[in-house]
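The numbering of the sequence shown is my numbering, which starts it at 7 and goes up by one. Glycine included, C-beta positions come from ideal geometry on N, C-alpha and C.
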Amino acid sequence: MSGHSKWHNIQKTKGAADAKRSAIFTKVAKEIIVAVKTGGSGDPNNNSRLATVIAKAKSVNMPNDNIKRTIEKALGANNTDNYENVVYEGYGPCGVAVIVEALTDNRQRTAPEVRHYFDKYGGNLGATGCVSWSFDRKGVIIIDNEDGDLDEDTVMMDALDCGAADFVPEEGCFTVYTEPDECGKVATALEEKGYVFASAQVEMVPQNYVKLTNDGDIKNMEKLIDMLEDNDDVQNVYHNWDQD
């Protein structure tokens, strides 16, 4: 999604996200557990992946106590959670590229469900690498400026001083891009300067976009995204549908 589209998508889904807050926290908790186990540390200063996930957790208003408890759980000797990173790639209506990132303890459950969604809503699941070549992995931090209270030059200088790779002012927000491993570090530095994020995470950013003009295709694409995002195993859904 482009930054502008992403901002409007955040606004549109905020009410739904509030209603599904428990499910969102559960998904983020999974990411924290995996980040701790793969990074070998519960200290975000020594685990860049964990730092990035903590930034994401804060952007969805996950309480600090929840974050701390999840890290302690992951470090516990009796923790048996064993989630596997799985990435699915495919096409939505009219060739819209879609990447689905999942954390699952059962591939035999997750893969058929994801394939079913693609088939049902006018798309098809493809082979690994079929669309990921047209995306770039970046840290993406969205700073709300819908009220216009923030000065563009000040935010830009602060972002660059904090280690941002790029800064893009857009309607209602500022989008800060970072190197993937620097997302958590940059987000923490910006947070210390008083900034609040609408979103902060590592994302797959499309290099180009597909415009849908048919109402049926638009409806199917919306349903495909909704079904994927509602799946308990799916963590993130990325696509190159131009929603502007």
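- As the crow flies, the alpha-carbon of Phe173 is around 21 Å from that of Ala57.
- In the DSSP assignment, Leu56 falls outside any beta strand (DSSP E) and lies within the alpha helix (DSSP H) extending over Ser54 to Ser65.
- Among the bridge pairs identified by DSSP, Tyr97 is matched with Ala103 and Asn130.
- DSSP places Ser205 within a strand segment (E or B) once states are collapsed to three.
- When only Cα atoms are considered, Asn220 and Ser205 end up about 30 Å apart.
- By the CB criterion at 7 Å, Val40 and Met68 fall outside the cutoff.
- For Cys179, the enclosing beta strand (DSSP E) has its first and last residue at Cys179 to Thr184.
- Residue Gly190 holds the alpha-carbon nearest to the alpha-carbon of Val59 among Asp223, Gly190 and Asp236.
- If you look at Glu188, you'll find it isn't in any beta strand (DSSP E); DSSP assigns it neither H nor E.
- Counting along the chain, the unbroken alpha helix (DSSP H) around Val40 starts and ends at Arg27 to Gly45.
- Spatial neighbours of Thr181 in its own chain (CB-CB distance under 7 Å, excluding positions within 5 residues in sequence) are listed in chain order as Gly9, Val146, Ile148 and Val174.
- For Val137, no alpha helix (DSSP H) segment is defined, and its DSSP state is neither H nor E.
- Per the C-alpha coordinates, the member of Leu196, Gly178 and Arg143 positioned closest to Asp153 is Gly178.
- By the neighbour-count criterion, in which 16 or more other beta carbons inside 10 Å mark a residue as buried, Leu218 falls on the buried side.
- Note on geometry: alpha-carbon atoms of Ala103 and Val211 lie some 11 Å from one another.
- Asp232 and Tyr94 have their C-alpha atoms some 16 Å from each other.
- Per DSSP, Glu197 has no beta-bridge partner at all.
- Going by beta carbons, Thr184 and Ala170 fall inside the 7 Å limit.
- Rounded to the nearest whole angstrom, the CA to CA distance from Asp238 to Asp167 is 38 Å.
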